[in-house]
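Since the structure comes first, as C-alpha cells, the remarks are kept for the end.
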Amino acid sequence: MTVVTGVTCPICGTFCDDIEVVVKDNVITDVRNACAMGAAKFLNYATHRNLKPLVRKNGELVEASMDEAVRKAAEILADATYPILYGWSSTSCEAIRVGLELAEEVGGVIDNTSTVCHGPSILSIHDIGISTCTLGQLRHRADLIFYWASDPWSAHPRHVERYTTFSEGRFQKSAWKGYLTRLSGALSRKRLRRAVNLVLRRDIFATPEVERRLPYSMFQKKRKMIVVDVRKTYTAEVADYFLQVEPNKDYELLQAFRMLIRDEELDVDEVAGVPVEILEEVADIMVGCELGVLFFGVGLTMSEGKLRNIDAALSLTRDLNLRTKFLIMPMRGHFNVTGANVVFTWQTGYPYAIDFSHGYPRYNPGETSVVDILCRDEADASLIIASDPVAHFPLQAAQNLVKNPLIAIDPEVTPTTLTADVVFPSAFVGIETGGTAYRMDHVPLPLKKIVEPPKTCLPDAEILQRILREVRRLRRTQN
Amino acid sequence: MSKVKVSLLTGRTIDQGTGKEIGKLSEEYRKSVAICQMDPEDMKFLGVKENNNVKVITNFGSVVVKAVKSARAPHPKVAFIPYGPWASIIMNPKTHGTGMPSLKGIPAEIESAPEEGVLTLHDLLNQYFKEKQS
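So the protein sequences, as listed, match chains V and E.
Quick note on numbering: the first sequence equals residues 87 to 565 in our numbering.
Quick note on numbering: the second sequence equals residues 780 to 913 in our numbering.
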C-alpha cells in the first residue's frame, strides 16, 4: 500500500492540490482531503468506463482495433468541410495543444466548454478589462468576500475553506468559529421559538417579511462574506449576509451599487426585490473594506443580459477601486477550462470559438461558437473530447450534433459516447496520466499519474497525435 | 388541470456532481438530475407531493421529472432542475449573438403528470436521437 501525496484534483476550477490517495495493487482504495465530488471521482472512475475503441457499423457500436478507429476518425475529419472540435476543459494542456494543430489541419472550428460557461465573461473582459489576482492573495488579505450568482458549496466545495472566508490567512483570520457561534445561536432561537409557540399556541417570534437593516455582525471589523443569488443556496446559509435578487435582475442590482458607491441617490424603494436601505448599507461596507473580492458564477452569464451583466460587475469593481482595493474573479467550472483558454490564446491569439476554415484563426463568438454553428446546422462532423455536449447542450444543438458523424474521446460512458460513431477510450487525466492544468486564477499546476491505465486506454494527447498523423497521410494521398 | 408559471433555473448541485462522477449510466445520477426542486407552496397548489411526477413545459419542449421539495425555499414561482440530459430538453438554444444559450431564468409551466413516467437515460436517447440507438 502506498500513499501518494500532493495530488491535484481533476474536477473543478478550485483544483485542490493537497489530496492524498491510497493505492494498493494499482487500485485506489482511499482518498483524503477531497470533497464529495473529488472522492466520488477517485473511488469510482473505474466503473462505467470505455475500455475498447468502438466503431458504429450497421447502426451499432462494435469493438474495433485502435488502428481501425484512428483510420475511421481520420476519414471523417478529412472528408468534412466544416468539422467541430469541442470539449478540452477536462484534459491536459498538452492534449489541447495537439487539438489545435488538428483543428488547423482539418480547417475546422475549435471551441472549449467556456462557450457555455464563462464565454460571456471573456467577451466582457475584452471590453472592460479585469482587476484580478491569485487566490493566495485573497486567502491572506481579503476581508470582504462576495459570491455573486455562484454556489461554491455545490460547485466548488472547498473554495471557501481553502481560499476565502474559512481559510486561515496571514493577515485575515478564518471566520469559521464565528459561523459556528452564529449557527448555534440560530438553533437555540429556533428551539426556544418552537417551545414558546407550543405553550402559547401562536407564532410569537415570526420574523418580519423584509429586513430593512443589516445584522449587527456586518458592522464588526472582521472577515465577512456576502452571497447574492436568486435562491438561498447552501453557501448563502454560511454567509454573514444574503441578498436575494429576483431572477434576471442582476444587471439592475449591479448598476444600483455602482450609483451608490458614486454617492448618487436612487429614486426607488427597491431594486431587483432588495430594499434600497439595505443596498446603501452594503455599498458602505464595500467602500469601507480593506481588500474586497467579487467571485461571480454562471448565474450572471446564463441569465438575461449575459455579457452585459459581467460588464456591470467588472465596472463596479473598477469604480470601487477609486475608493478602496477591490478585485473580481470568475468561478471557473472545470479543472482546466482556464488552461483551455490559455493554450488557445497562446496558439491562436483567441481564447475560444476559433474558426480555421479560412486557413487562419478567426474569432467571432455568436457566429463561430459551437452552439450557434449547431443551431444553424452548418457543421458536418465533430470530434468531442472530455466533454458531454449531448447531455448538456440544448436539444436542438445536440440533435444537429448527433445526426452527423461524431467522434468521441472520453474515458467514461456518457450520452455523447453512446451516440457517437467512433469512440476512443482514453486514460483519466490526473489519475492515469499526467500533464499540466491551470487553476481558476491562472496558476499552472501539474496533474499526477497515480495508477497505470488499462493497456487499451491511451492518453488524450497520444490519441489526437495518431488521428493527426492519419489525417495528414490521407490528405497527402488524396492530393 | 392546474399549472404553475415559474422562472426555471438550472445549475449544479453536489448530488449532480457526485452522480456524474459515479457514472452517467448510474441510478445515482438519474436520481440526482431527473428532478425539479420546487417551492412547497407551488407543490401544494399543484397538489403534488415529494417524488410525484411533474411535467415541466417551456417554449422549447417538455420533460417529465420528479418533484422534490426545495431545501432552499421559500422561492415561490422559481423552480430548479440540475444540469443534465433531462434539463437540456427544455432549454432555450438562443444565444443572442454571445455563443451562450439561456440556461437560467427561463419562463416555464409546471403541471402534475401522475400518468407519465420519467424516462431512463437510454429511453431518452432513443426518443430524441433516433438515428443512433444507444
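For glycine and all other residues, C-beta sits at the position ideal for the given N, C-alpha and C.
Since the structure is predicted, the reported quantities are computational estimates derived from the model, not experimental observations.
Using alpha carbons as the reference points, say which of the options lies closest to residue i.
i: residue 89 (chain V); options: V:339, V:110 and V:524; result: V:110
i: residue 209 (chain V); options: E:892, E:896, E:878 and E:814; result: E:878
i: residue 471 (chain V); options: V:255, V:547 and V:201; result: V:547
i: residue 326 (chain V); options: V:116, V:272 and V:288; result: V:272
i: residue 265 (chain V); options: V:242, V:225 and V:311; result: V:311
i: residue 101 (chain V); options: V:532, V:135, V:438 and V:107; result: V:532
i: residue 135 (chain V); options: V:190, V:419, V:368 and V:499; result: V:499
i: residue 851 (chain E); options: V:316, V:434 and V:446; result: V:316
i: residue 221 (chain V); options: V:198, V:245, V:172 and V:153; result: V:245
i: residue 57 (chain V); options: V:114, V:163, V:148 and V:183; result: There is no way to answer for residue 57 (chain V), as the model of chain V reaches only from 87 to 565.
i: residue 825 (chain E); options: E:865, E:908, E:812 and E:893; result: E:893
i: residue 576 (chain V); options: V:468, V:126 and V:205; result: Past the edges of chain V, shown from 87 to 565, lies residue 576 (chain V), and the structure says nothing about it.
i: residue 888 (chain E); options: E:858, E:820, E:808 and E:813; result: E:858
i: residue 806 (chain E); options: E:790, E:884 and E:897; result: E:897
i: residue 794 (chain E); options: V:379, V:92 and V:240; result: V:240
i: residue 514 (chain V); options: V:442, V:137, V:361 and V:250; result: V:137
i: residue 410 (chain V); options: V:195, V:348, V:128 and V:125; result: V:348
For residue i, count neighbouring Cβ atoms within 10 angstroms of its own Cβ and tell me buried if that reaches 16, exposed if not.
i: residue 781 (chain E); result: exposed
i: residue 278 (chain V); result: exposed
i: residue 282 (chain V); result: exposed
i: residue 338 (chain V); result: buried
i: residue 784 (chain E); result: exposed
i: residue 518 (chain V); result: buried
i: residue 854 (chain E); result: buried
i: residue 302 (chain V); result: exposed
i: residue 117 (chain V); result: buried
i: residue 306 (chain V); result: exposed
i: residue 633 (chain V); result: For residue 633 (chain V) there is no data in the structure shown, the boundaries of chain V being 87 and 565.
i: residue 816 (chain E); result: buried
With a threshold of 6 angstroms on Cβ separation, who are the neighbours of residue i within its own chain once the five nearest residues in sequence on each side are excluded?
i: residue 237 (chain V); result: 319 and 321
i: residue 527 (chain V); result: 220 and 221
i: residue 123 (chain V); result: 97
i: residue 179 (chain V); result: 425, 429 and 522
Which residues mark the beginning and the end of the alpha helix (DSSP H) in which residue i is found?
i: residue 890 (chain E); result: From DSSP, residue 890 (chain E) is part of no alpha helix (DSSP H) but of the beta strand (DSSP E) over 883-891.
i: residue 485 (chain V); result: 481-488
i: residue 800 (chain E); result: 793-801
i: residue 551 (chain V); result: 546-564
i: residue 258 (chain V); result: Where residue 258 (chain V) is concerned, there is no enclosing alpha helix (DSSP H), given that its DSSP letter is neither H nor E.
i: residue 387 (chain V); result: 384-387
i: residue 365 (chain V); result: 362-374
i: residue 895 (chain E); result: No alpha helix (DSSP H) contains residue 895 (chain E), which DSSP labels as neither H nor E.
i: residue 456 (chain V); result: 456-461
Please go through the same chain and pick out, in chain order, the residues whose beta-carbon is closer than 7 angstroms to the beta-carbon of residue i, but skip the five residues on each side of it.
i: residue 227 (chain V); result: 255, 257, 258 and 377
i: residue 328 (chain V); result: 313, 318 and 322
i: residue 505 (chain V); result: 476, 488 and 492
i: residue 342 (chain V); result: 352, 357 and 365
i: residue 804 (chain E); result: 900
i: residue 191 (chain V); result: 554, 557 and 558
i: residue 242 (chain V); result: 98, 99, 100 and 417
i: residue 207 (chain V); result: 387, 396 and 416
By the DSSP assignment, the beta strand (DSSP E) with residue i in it spans what residues?
i: residue 231 (chain V); result: 230-234
i: residue 832 (chain E); result: 832-837
i: residue 521 (chain V); result: 521-524
i: residue 421 (chain V); result: Per DSSP, residue 421 (chain V) belongs to no beta strand (DSSP E) and is neither H nor E.
i: residue 359 (chain V); result: Note, residue 359 (chain V): premise wrong, no beta strand (DSSP E); not H, not E.
i: residue 106 (chain V); result: 105-110
i: residue 786 (chain E); result: 782-790
What does a CB cutoff of less than 8 angstroms around residue i pick up in its chain, not counting 5 residues either side in sequence?
i: residue 215 (chain V); result: 400 and 404
i: residue 363 (chain V); result: 298 and 299
i: residue 457 (chain V); result: 201, 202, 479, 480 and 483
i: residue 502 (chain V); result: 470, 473, 474, 475, 476, 477, 492, 494 and 496
Pull out every residue of the stretch 791-805 of chain E whose Cβ sits closer than 9 angstroms to any Cβ of chain V, in chain order.
791, 792, 793, 794, 795, 796, 797, 798, 799, 800, 801, 802, 803, 804 and 805
Positions along the stretch 826-837 of chain E whose CB lies within less than 9 angstroms of some CB in chain V:
none
Taking beta-carbon pairs under 8 angstroms, can you tell me which members of the stretch 475-488 of chain V lie near chain E?
476, 477, 478, 479, 480, 481, 482, 483, 484, 485 and 488
What are the residues in the stretch 137-164 of chain V lying within 9 angstroms of chain E by C-beta distance?
142, 145, 146 and 147
Short of 9 angstroms Cβ to Cβ, which residues in the stretch 887-905 of chain E face chain V?
900, 901, 903 and 904
So if I threshold CB-CB distances at 8 angstroms, which residues from the stretch 236-250 of chain V count as touching chain E?
237, 239, 240, 241 and 243
Where the stretch 424-452 of chain V meets chain E: residues whose CB sits under 7 angstroms from a CB there
439, 451 and 452
Taking beta-carbon pairs under 7 angstroms, can you tell me which members of the stretch 499-513 of chain V lie near chain E?
499, 500, 501, 504 and 505
Beta carbons nearer than 7 angstroms to chain E: which residues of the stretch 372-401 of chain V have them?
385, 387, 388, 389, 390, 392 and 393
For the stretch 327-338 of chain V, which residues have a CB atom closer than 7 angstroms to at least one CB atom of chain E, in sequence order?
333 and 334
Any residues in the stretch 868-888 of chain E with a beta carbon nearer than 7 angstroms to a beta carbon of chain V? Which ones, in chain order?
868, 870, 871, 872, 874, 875, 876, 877, 878, 879, 880, 881, 882, 883 and 884
Using a Cβ-Cβ cut-off of less than 7 angstroms, give me the residues of the stretch 202-224 of chain V that come near chain E, in sequence order.
202, 205, 206 and 209
What are the residues of the stretch 173-186 of chain V that lie near chain E, defined by any Cβ-Cβ distance shorter than 9 angstroms?
none
May I ask you to list, following chain order, the residues of the stretch 104-135 of chain V that have a beta carbon less than 7 angstroms from some beta carbon of chain E?
122, 123, 126, 127, 130, 133 and 134
Identify each residue in the stretch 302-326 of chain V for which the Cβ-Cβ distance to at least one residue of chain E is less than 7 angstroms, and report them in chain order.
316, 317, 318 and 319
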